[in-house]
Amino acid sequence: KKPVIERFITVAGGGLSKSKNVLVRIGTPIKEVLDYCGVSASGVGKVIIGGPMMGIAIHTSDMPVTKETTGIFVQNESEVVEFPSGVCIKCGLCIDICPMKLMPFLISGFSEAGEYAMAEKNDIHGCNECGCCSYVCPVLIPMVHWIKFGKSEIRAQRSSE
Numbered sequence: 038k039k040p041v042i043e044r045f046i047t048v049a050g051g052g053l054s055k056s057k058n059v060l061v062r063i064g065t066p067i068k069e070v071l072d073y074c075g076v077s078a079s080g081v082g083k084v085i086i087g088g089p090m091m092g093i094a095i096h097t098s099d100m101p102v103t104k105e106t107t108g109i110f111v112q113n114e115s116e117v118v119e120f121p122s123g124v125c126i127k128c129g130l131c132i133d134i135c136p137m138k139l140m141p142f143l144i145s146g147f148s149e150a151g152e153y154a155m156a157e158k159n160d161i162h163g164c165n166e167c168g169c170c171s172y173v174c175p176v177l178i179p180m181v182h183w184i185k186f187g188k189s190e191i192r193a194q195r196s197s198e
């Protein structure tokens, strides 16, 4: 067996002229991968590591490619969706679509309010972060963002104890 020192990743999205699969060394800065693919920093609205559904937006392209990096999704300025601070209308679409049978609106609301104990009581750790809840939300609440944030805050609290 060999150590993993490189991997194929997909670079796609409206921020580049043609999608590509490229072989990249682990540790290569995202910026270099984007340069190689012909992405100019001027037209980029957002860079997402992963994909459009389960990916994580990054704030700096200095981050390295890791062995977990499967793709880079590049949005141009016109594709970036700004989430208005909508109020949950309790439509239940997020509950219906949740593959884990959770109540995402409730868990994300507790996380947003800093009520992490209540988020845990409602099984925040049972969420697989698929993003379906955020996708179907008619008022565009970024539920999966708040759930991920809540999980990271709970981890931080536990590690400081």
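To get the numbering used here, take the position in the sequence shown, counting from 1, and add 37. Virtual Cβ for every residue (Gly too), placed ideally from N, Cα, C.
query	result
C-alpha gap between I184 and T97, whole angstroms	22 angstroms
Endpoints, alpha helix (DSSP H) assigned at G146	141-149
Rounded C-alpha distance that separates E83 from P89	Contrary to the premise, residue 83 reads as Lys rather than Glu in this sequence. Taking the straight line from one Cα to the other gives about 11 angstroms.
In chain order, each beta strand (DSSP E) run of at least 3 residues that lies wholly inside the stretch 67-117	81-86, 93-95, 108-113
L130 versus A150: straight-line alpha-carbon distance, rounded	21 angstroms
Which listed residue (G51, N159, G52, L71) has its alpha carbon closest to that of V102	L71
Nearest-angstrom beta carbon gap, C135 and C170 [assumed within contact, 8 angstroms]	6 angstroms
Chain-order list of residues whose beta-carbon lies under 6 angstroms from that of I95 (same chain, five-residue window excluded)	V84, I86
Cβ-based neighbour list, I191, same chain, cut-off 6 angstroms, excluding 5 preceding and 5 following	Y153
Per DSSP, cross-strand counterpart(s) of L60	F45
Other residues of its chain near K104: CB distance less than 6 angstroms, five sequence neighbours each side excluded	V41, I63
N-terminal and C-terminal residue of the alpha helix (DSSP H) that M155 is part of	153-158
C-alpha gap between C33 and Q112, whole angstroms	In the structure displayed, the chain extends from 38 to 198; residue 33 sits before or after that span and is not available.
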